[in-house]
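Under my numbering, the residues of the sequence shown are numbered 30 to 296, in order. Glycine included, every Cβ here is placed at the ideal spot set by N, Cα and C. Computed from a predicted model, the values in this text were never measured in an experiment. A short worksheet on the structure shown next.
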Amino acid sequence: MDDAHQAPVKTGGDYIVKSVARTCETLVYFDEVRRPLSVVEVSKKLGYPQSSTSALLKSMVKLGFLSHDARNKNYFPTERVPLLGSWMNPDLFGEGIIQRLLKAIAQRTQHMVVLGTRNGDEAEYVQVIRPKKSSIHHISLGTRRPLGNSGVGRVLMSRLSDEEVRRLLRRINAYRAPGESAVDVKAFVASLAETRAKGYYLSTDQVVKGTGLISMPFPSHENSRLFAIGVAAPTDVILRSENEIVKIMREEIVRNLGKKGRCSNVC
30 MDDAHQAPVK TGGDYIVKSV ARTCETLVYF DEVRRPLSVV EVSKKLGYPQ SSTSALLKSM
90 VKLGFLSHDA RNKNYFPTER VPLLGSWMNP DLFGEGIIQR LLKAIAQRTQ HMVVLGTRNG
150 DEAEYVQVIR PKKSSIHHIS LGTRRPLGNS GVGRVLMSRL SDEEVRRLLR RINAYRAPGE
210 SAVDVKAFVA SLAETRAKGY YLSTDQVVKG TGLISMPFPS HENSRLFAIG VAAPTDVILR
270 SENEIVKIMR EEIVRNLGKK GRCSNVC
């Protein structure tokens with residue numbers, strides 16, 4: 030696949046096989062746009078050489094993950110893609126429950142909605158619902174934020190014990206990049222009490238100036254990964270609409286998830 034062979038790419042201190050990264054990024058792009066794509070579109074958007082992109086897409090067709098429309102010269106994911114993870118956490122992801130929840134919150138608030146979960150020492154956005162007129166462009170599917178320096182990360186960590194948080198933050202501080210500020214472990218742990226009591230966390234101008242995010246955790250039943258829903262909007266809008274947004278988020282979590290969505294003692 031010319032330059033898309035097994036050459037490693039360094040990302041965040043780790044080496045990733047280039048062909049694997051491109052395959053995953055391509056599937057994520059399809060998930061974002063949700064329509065057939067041509068070789069040229071994928072190449073331009075993801076910055077791959079056109080010849081490599083063509084070879085990659087053809088390989089994914091042969092493996093059964095994409096279908097190819099020869100007449101319109103475009104590609105589209107097959108049913109094999111969503112079926113890959115259909116066995117994971119069926120209580121939450123079965124029957125499109127999560128998608129309905131996120132879309133309901135987005136429709137009622139008219140703001141961007143994200144679903145985040147923990148990935149190592151970071152919070153990763155695994156679902157993003159973006160309104161057509163959204164002014165927020167720095168958030169996309171797959172975006173990662175430090176657990177100790179983001180609203181979604183803080184909410185995810187609020188579900189851990191204080192001792193678990195301390196151990197995690199000490200490790201994050203020990204392996205932080207040169208020039209990166211250390212997290213104040215004592216202050217961070219102390220502040221989690223308020224987050225747990227309120228059941229959500231409001232952050233403003235934390236990652237990008239002028240943007241705010243309200244994050245809320247769910248669910249609390251056993252054997253489930255921790256997730257957090259976030260509603261993002263300009264800072265002034267978030268501050269002005271805090272109570273209304275929180276009310277909508279809570280209502281839709283209960284409506285769509287029932288008892289599974291109740292975050293005992295924190296929501």
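Between the CA atoms of residue j and residue i - distance to the nearest angstrom
{"i": "Thr55", "j": "Met89", "result": "10 Å"}
{"i": "Gly42", "j": "Lys227", "result": "Confidence at Gly42 is low in this model, with a pLDDT of 49, below 50, so its placement is unreliable and no value can be given for it."}
{"i": "Val157", "j": "Gly239", "result": "19 Å"}
{"i": "Ser83", "j": "Val68", "result": "6 Å"}
{"i": "Thr264", "j": "Gly241", "result": "5 Å"}
{"i": "Arg63", "j": "Thr107", "result": "12 Å"}
{"i": "Tyr58", "j": "Lys215", "result": "40 Å"}
{"i": "Leu198", "j": "Val143", "result": "24 Å"}
{"i": "Thr52", "j": "Val46", "result": "10 Å"}
{"i": "Gly259", "j": "Leu286", "result": "16 Å"}
{"i": "Asn195", "j": "Val218", "result": "Residue identity check: residue 195 is Arg in the sequence provided, not Asn. Arg195 and Val218: Cα-Cα distance of roughly 7 Å."}
Unbroken alpha helix (DSSP H) run spanning residue i, endpoints
{"i": "Val22", "result": "Nothing can be reported for residue 22: it is not among the residues displayed for the chain, which extend from 30 to 296."}
{"i": "Phe217", "result": "214–227"}
{"i": "Leu231", "result": "Looking at the DSSP string, Leu231 is not in any alpha helix (DSSP H); the run it does join, the beta strand (DSSP E), is 230–233."}
{"i": "Arg188", "result": "Here Arg188 belongs to no alpha helix (DSSP H), and DSSP marks it neither H nor E."}
{"i": "Leu131", "result": "126–138"}
{"i": "Ser88", "result": "79–91"}
Environment of residue i [buried if 16+ CB atoms lie within 10 Å]
{"i": "Arg109", "result": "exposed"}
{"i": "Glu151", "result": "buried"}
{"i": "Asn148", "result": "exposed"}
{"i": "Val49", "result": "exposed"}
Backbone secondary structure at residue i - three-state DSSP
{"i": "Pro111", "result": "helix"}
{"i": "Ala211", "result": "coil"}
{"i": "Ser96", "result": "strand"}
{"i": "Arg159", "result": "coil"}
{"i": "Val143", "result": "strand"}
{"i": "Val260", "result": "strand"}
{"i": "Arg284", "result": "helix"}
{"i": "Ala206", "result": "coil"}
{"i": "Asn101", "result": "coil"}
Beta strand (DSSP E) segment containing residue i, residue limits
{"i": "Ser244", "result": "240–247"}
Would you list, in sequence order, the uninterrupted beta strand (DSSP E) runs of no fewer than 3 residues that lie entirely inside the stretch 43–68?
Restricted to the stretch 43–68, the beta strand (DSSP E) segments that are unbroken, complete and at least 3 residues in length are 43–46, listed in chain order.
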